[in-house]
Amino acid sequence: MTLRIATLNVCGLPSWLSRLPPIEDRAAGIGRSLEASEVDVFTVQELWGRRSARALQRHLPSFRHVAWHAAASGGPAGGVATFSRRPLGPVRYRSFAGTAPRTSTPSFRAWRALNARRQGMLAVTLDDVLIVTTHLTANKDGDWSEGNRYYQFHRDQLAVLHAFVRERGPARQTVLTGDFNIASRSPLHRFVTEDGAWHDPFEHTDLTTFRAEYLPRGSTVHRIDYILLDGPAEAHDARALFADEVLSDHVGLTLALRGGTRVVTPPPPV
Numbered sequence: 001m002t003l004r005i006a007t008l009n010v011c012g013l014p015s016w017l018s019r020l021p022p023i024e025d026r027a028a029g030i031g032r033s034l035e036a037s038e039v040d041v042f043t044v045q046e047l048w049g050r051r052s053a054r055a056l057q058r059h060l061p062s063f064r065h066v067a068w069h070a071a072a073s074g075g076p077a078g079g080v081a082t083f084s085r086r087p088l089g090p091v092r093y094r095s096f097a098g099t100a101p102r103t104s105t106p107s108f109r110a111w112r113a114l115n116a117r118r119q120g121m122l123a124v125t126l127d128d129v130l131i132v133t134t135h136l137t138a139n140k141d142g143d144w145s146e147g148n149r150y151y152q153f154h155r156d157q158l159a160v161l162h163a164f165v166r167e168r169g170p171a172r173q174t175v176l177t178g179d180f181n182i183a184s185r186s187p188l189h190r191f192v193t194e195d196g197a198w199h200d201p202f203e204h205t206d207l208t209t210f211r212a213e214y215l216p217r218g219s220t221v222h223r224i225d226y227i228l229l230d231g232p233a234e235a236h237d238a239r240a241l242f243a244d245e246v247l248s249d250h251v252g253l254t255l256a257l258r259g260g261t262r263v264v265t266p267p268p269p270v
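Straight run, no breaks: the sequence shown in the UniProt record's numbering ends on number 270.
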């Protein structure tokens with residue numbers, strides 16, 4: 001069977017923190033494209049608040065199976081959620097609480113530690129496929145070198161993420177998606193893939209996933225979003241999603257998994 005997966009940071013931030021229209025105004029465009037696509041599973045990041053989550057859900061009527069861990073506000077904890085056309089299994093969530101920078105000023109370390117508590121990772125199963133989506137802390141310096149104050153912070157978050165994935169035990173096929181906020185050409189990439197334990201289907205094309213117009217002037221664009229694979233399935237048709245339509249400050253990714261997975265097609269509704 002074939003399973004097509006897509007991921008996007010939808011930039012569901014409050015209006016005073018974003019130059020984009022509210023996600024409630026962009027949800028129709030996201031839904032229109034996905035409803036006309038062959039995507040089976042859509043993982044999202046930065047979907048903050050119950051209102052935003054429900055707005056996106058309304059525009060994805062064929063993605064009837066929705067997974068998130070409810071925050072106190074009722075919206076997705078960590079801003080991460082998964083929408084699926086196929087039935088999903090139990091949901092697990094963990095935040096990045098306990099991770100913090102080890103260098104720089106006390107105020108910087110304290111604010112980043114607080115921010116880490118609000119971000120996290122979500123795991124859900126679809127038959128024998130484990131699908132995880134995550135959102136790591138943003139590197140506001142735009143520097144992923146070993147001397148940067150975010151470097152060890154990101155290494156610690158990656159260690160928490162990979163431990164979280166392994167907690168379920170071995171899965172026949174695991175898919176890890178999300179906004180890692182780590183440049184694919186940086187020294188941290190080896191920790192993203194655990195020295196090649198994860199297959200990175202976008203490694204050679206290495207397309208840009210953050211739009212240049214939303215970066216400070218003079219900044220370099222990078223791929224900071226990933227779909228990583230661990231298991232026997234092969235990736236096909238790995239490409240950008242929403243590259244030509246500005247529906248977020250990120251460009252999404254999508255690919256099809258073939259072979260090595262057992263995906264049960266649900267019966268048609270009665």
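Idealized CB from N, CA, C, for every residue including glycine.
Assigned secondary structure, residue 127 (DSSP; H/G/I helix, E/B strand, else coil): coil
From the DSSP output, in three-state form, read off residue 8 for me. strand
Within the chosen definition, does the stretch 189 to 202 reach the stretch 131 to 140 through at least 3 CB pairs nearer than 8 Å? no
On the DSSP bridge list, what partners appear for residue 274? Within the shown structure, residues of the chain are numbered from 1 to 270, placing residue 274 beyond reach of any answer.
DSSP bridge partner residues for residue 82 (one or two, in chain order): 43 and 67
Within 10 angstroms of its Cβ, does residue 105 collect 16 or more other Cβ (buried), or is it exposed? exposed
Measure from the alpha carbon of residue 121 to the alpha carbon of each residue in 145, 115, 109 and 92, then state which is nearest. 92
Could you check whether the stretch 38 to 47 touches the stretch 67 to 81, counting it as contact only if at least three pairs of C-beta atoms, one from each stretch, sit closer than 8 Å? yes
Cβ of residue 219 within 7 Å of Cβ of residue 11? no
With three or more beta-carbon pairs closer than 8 Å as the criterion, would you say the stretch 143 to 150 touches the stretch 202 to 220? no
Do the CB positions of residue 117 and residue 95 come within less than 7 Å of each other? yes
Are residue 40 and residue 86 touching if we call contact CB-CB under 7 Å? yes
Do the stretch 214 to 232 and the stretch 168 to 175 touch if we need at least three Cβ pairs shorter than 8 Å? yes
With respect to the alpha helix (DSSP H) encompassing residue 113, which residues constitute its N-terminal and C-terminal limits? 106 to 117
Around the Cβ of residue 26, are there at least 16 other Cβ atoms within 10 angstroms (buried) or fewer (exposed)? buried
Those runs of the beta strand (DSSP E) which lie wholly inside the stretch 232 to 258 and span at least 3 residues: 234 to 241 and 252 to 258
7 Å Cβ cutoff met for residue 50 and residue 75: yes
Below 7 Å between beta carbons: does that hold for residue 175 and residue 5? yes
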